[in-house]
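One structure below.
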Amino acid sequence: MKKPLYILKSGRLRRKENTIVFEIESDESNVERRVVPIESVDSIYVFGEVDLNMKFLVFISQNGIPLHVFDYYGHYSGTFAPRENTISGFTIIKQAETYLNPEKRLEIAREIIKSSAHNMLKNLKYYQTRYGGFEDIISDIQAVLKDIENSDSIKSVMGIEGQITRRYFDAWNIIIKANEDVFKFESRERRPPPDPINALISFGNSLLYSAVLDEIYKTQLNPAISFLHEPGTSRFSLSLDLSEIFKPLLVDRVIFTLINHKRIRAEHFDDNLNYTYLNDKGRKIFINEFDQKLETTIKHPMLKRNVSYKTLIRLECYRLIKHIIGEEKYEGFKIWW
Numbered sequence: 088m089k090k091p092l093y094i095l096k097s098g099r100l101r102r103k104e105n106t107i108v109f110e111i112e113s114d115e116s117n118v119e120r121r122v123v124p125i126e127s128v129d130s131i132y133v134f135g136e137v138d139l140n141m142k143f144l145v146f147i148s149q150n151g152i153p154l155h156v157f158d159y160y161g162h163y164s165g166t167f168a169p170r171e172n173t174i175s176g177f178t179i180i181k182q183a184e185t186y187l188n189p190e191k192r193l194e195i196a197r198e199i200i201k202s203s204a205h206n207m208l209k210n211l212k213y214y215q216t217r218y219g220g221f222e223d224i225i226s227d228i229q230a231v232l233k234d235i236e237n238s239d240s241i242k243s244v245m246g247i248e249g250q251i252t253r254r255y256f257d258a259w260n261i262i263i264k265a266n267e268d269v270f271k272f273e274s275r276e277r278r279p280p281p282d283p284i285n286a287l288i289s290f291g292n293s294l295l296y297s298a299v300l301d302e303i304y305k306t307q308l309n310p311a312i313s314f315l316h317e318p319g320t321s322r323f324s325l326s327l328d329l330s331e332i333f334k335p336l337l338v339d340r341v342i343f344t345l346i347n348h349k350r351i352r353a354e355h356f357d358d359n360l361n362y363t364y365l366n367d368k369g370r371k372i373f374i375n376e377f378d379q380k381l382e383t384t385i386k387h388p389m390l391k392r393n394v395s396y397k398t399l400i401r402l403e404c405y406r407l408i409k410h411i412i413g414e415e416k417y418e419g420f421k422i423w424w
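Under the numbering used here, think of the first position of the sequence shown as 88, with each following residue one higher.
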């Protein structure tokens, strides 16, 4: 089974025959090497200072492997994508036509937010049975969600999304048993993350954004043409769209598990002025849990077989394609278990 290759340390990536070699020089006489068969790699995530050459990039491109780069703080910086071999001019034209049609674009944007809200509510209802105390938050989100069918613009849809998310975050201090100041959550702040919870959310979202992009590349969708988020220069905004749907399942649940099981602690964070971020040990713990979550399987009610959570992302891409080419109405992924 192919899996992502995560590079957390600084070193050099190179090709050796049909393998990827990662070398770390601890001193002039000692070089640590990690050798990975190319056929076992799905994608590459680089968090350290890494040297590589054109020969290596050609090698991974020929094998359909994207390489994602993250900055010092763990934020997504960019992607080297292999040459497209699933490209479809027809699908791209239909995708662009859907974006340019205000009603069609709005229809997809509404469905993305409805699916995202459904999955947030699933999390809240799960913890409601365990801890209680979420009745008002659940009711408030359900009430706001009813307004989405009357939304007449992307701006109004985004406004509803903001209200839902803020109310959802109100429950986090109860969910994560915030009895320590280190995990006290006041509000969502992105750049820079001022506390450990915001640092975890930002890091998890960066991983999810890249994982969704991996799956988009395996389909005929263009990652730069989106429906909820505004397309822009040098960003893959469709990945942002689809990530909204999967954040409650693939990011939030990872955070809840790591904190409540005390696997992420204060020593796994560093501070730089007003910036809080996961250190190398913290990133490794988070990545391991996130990777396991992607590989978790569930029996699909339509396919009648087990599929991984990662496969659910690809299936979401296929549903979107069927909608934009007119085969069937788009219904976003909603947690059914």
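Backbone N, C-alpha and C define an ideal beta-carbon position, used for all residues, glycine too.
Predicted model only: the values in this text are computed from it and were never measured.
Segments assigned beta strand (DSSP E), at least 3 residues, entirely inside the stretch 341-374: 356-359, 362-365
Assigned exposure category for alanine 353 - 16 Cβ within 10 Å defines buried: With fewer than 16 other CB atoms across the displayed protein chains lying within 10 angstroms of its CB, alanine 353 is exposed.
The stretch 366-376 / the stretch 339-349 touching (three or more Cβ pairs under 8 Å): yes
Uninterrupted alpha helix (DSSP H) stretches inside the stretch 267-336 (no shorter than 4 residues): 283-304, 324-334
Burial state of glutamate 119 (16 or more Cβ within 10 Å): Glutamate 119 comes out exposed.
Buried/exposed call for arginine 370, threshold 16 Cβ in 10 Å: Looking at its Cβ environment, which holds 16 or more other Cβ atoms inside 10 Å, arginine 370 is buried.
Stretch pair the stretch 167-186 + the stretch 298-308: three plus CB contacts closer than 8 Å: yes
Secondary structure of aspartate 158, DSSP reduced to three states: Here aspartate 158 carries a coil assignment [DSSP, helix/strand/coil].
Backbone secondary structure at isoleucine 400 - three-state DSSP: Isoleucine 400: helix per DSSP, three-state reduction.
Classification of methionine 207 by the beta-carbon crowding that lies within 10 angstroms, buried from 16 upward: buried
Separation of histidine 387 from proline 153, as counted between CA atoms: One alpha carbon belongs to proline 153, the other to histidine 387, and they sit about 28 Å apart.
Beta-bridge pairing of proline 91 - partner residues as DSSP gives them: Ser130
Closest residue to aspartate 282 among Asp357, Ala258, Ile228, Tyr186 (Cα-Cα distance): Asp357
Cα-Cα separation, isoleucine 131 to glutamate 222: Per the coordinates, the alpha-carbon of isoleucine 131 lies some 42 Å from the alpha-carbon of glutamate 222.
Whether phenylalanine 256 touches arginine 275 by CB criterion (7 Å): yes
First and last residue of the uninterrupted alpha helix (DSSP H) at glycine 165: That residue, glycine 165, is in no alpha helix (DSSP H); its beta strand (DSSP E) goes 163-167.
For valine 133 and isoleucine 111, the rounded distance between their alpha carbons: Distance between isoleucine 111 and valine 133, taken at the CA atoms: about 14 Å.
Whether valine 341 touches lysine 397 by CB criterion (7 Å): no
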